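Residue numbers for the sequence shown follow the numbering used here, so the first one is 2 and each next one is one higher.
For glycine and all other residues, C-beta sits at the position ideal for the given N, C-alpha and C.
This one's a predicted model, so the numbers in the text were calculated from it and none came from an experiment.
Just below is one structure, and these are the notes that go with it.
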Amino acid sequence: MAKQTKKLTAQATVTTVTTAQKFPMTDANGNVTLITLANLKAALMGGINLNSLEDGVFIMTHRKSDDYPIMFKPHKWTAQQNAGEVADGVVVVEGGHVLVVAPTESTTKLNWGSANVAGGGVTTSNRETAYSDFAGKANTASQITHAEMSGEGYAPGFCHAYSRVNANGKGLTAGKWWLPSLGEMMMIYANMTKINYALSLIEGATQLVEDAYWTSTEDSATNAWRLSLGDGGMRTNTKATSTHRVRPVSAFIS
């Protein structure tokens, strides 16, 4: 008697899985076992060296019990989050620099300013000098003193007004964030995969995308530098008419 076979119908593409769902696993003898999502993830992650994803990257929080700033390796974050901790951002440590990347960014692309006005930050048309600029905090502090760029609808003002707090209202509050300099944005680009991995573990966070982001490094009264996280392209664009993404940064501070 010929062996009968059953043709499988076309299957829909699955992009999300719930913890209640299980997956069939067939062993060498044809025995089928249902495994949970947690066990599947553990099996998959068992073959991955987490150090390659976590080296130099941490998730920062102001601990709710005493509002003290601490940071965890990403794989330890979920337990902290489940216990009620709120992430301030993703800490990147590289080359003597420590930078905190905000969990979210502007929901729309923003102008750098309402008019082409010098903001007082590091200003250069030299590419090497521009990507050596790590003075984003000082740049932004100067720029927000100008009405043309101090509002939340403009890149420097948006970053200065950004805030992340714990259940006690403590954390990296408004005034502790700034528009990253070109050097700081290059640091983000160099660690983009690791940062996005950490961001994927934070509730409500949005990942960095391969698009252009404003920086606080200026080219002139008319233009400011921006960096593409898609191809590393460093260019200058007009402050008042060009729109780009904006991602605030901060420091590991109390």
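Relative to Lys177, the option among Asn40, Val250, Thr27 whose CA is nearest is Val250. Beta-bridge analysis with DSSP links Asn112 to Tyr155, Thr244. With fewer than three CB-CB distances shorter than 8 Å, the stretch 188-205 does not count as touching the stretch 109-118. Contact between the stretch 58-65 and the stretch 89-106 is present: 3 or more CB-CB pairs across the two stretches fall below 8 Å.
Classified as exposed, Ile254 has fewer than 16 neighbouring CB atoms from the shown chains inside 10 Å of its CB. Collapsing the DSSP output to three states places Ala213 in a strand.
C-alpha of Glu219 to C-alpha of Ala84: approximately 43 Å in a straight line.
DSSP, read as helix, strand or coil, puts Arg64 in coil. Inclusion of Ala162 and Ala175 in the CB contact set at 8 Å is warranted, their separation being smaller than that value. Remark: C-beta atoms of Ala156 and Val99 do not approach each other more closely than 8 Å.
Nearest Cα to Tyr198 within the set Lys77, Asp28, Ala39: Lys77.
When DSSP reads this structure, Lys23 sits in a beta bridge with Thr37. By the neighbour-count definition (other C-beta atoms within 10 Å, threshold 16), Met26 is an exposed residue. For a cut-off of 8 Å, the C-beta gap from Ile196 to Leu209 is around 6 Å, short enough to register as a contact.
The shortest CA-to-CA distance from Asn140 to any of Leu173, Thr19, Thr125 is the one to Thr125.
Taking all protein chains shown into account, Phe135 has 16 or more neighbouring C-beta atoms within 10 Å of its C-beta and is therefore buried.
If you compare the alpha carbons of Glu153, Ser133, Val101, Gln82 with that of Thr108, the shortest gap goes to Glu153.
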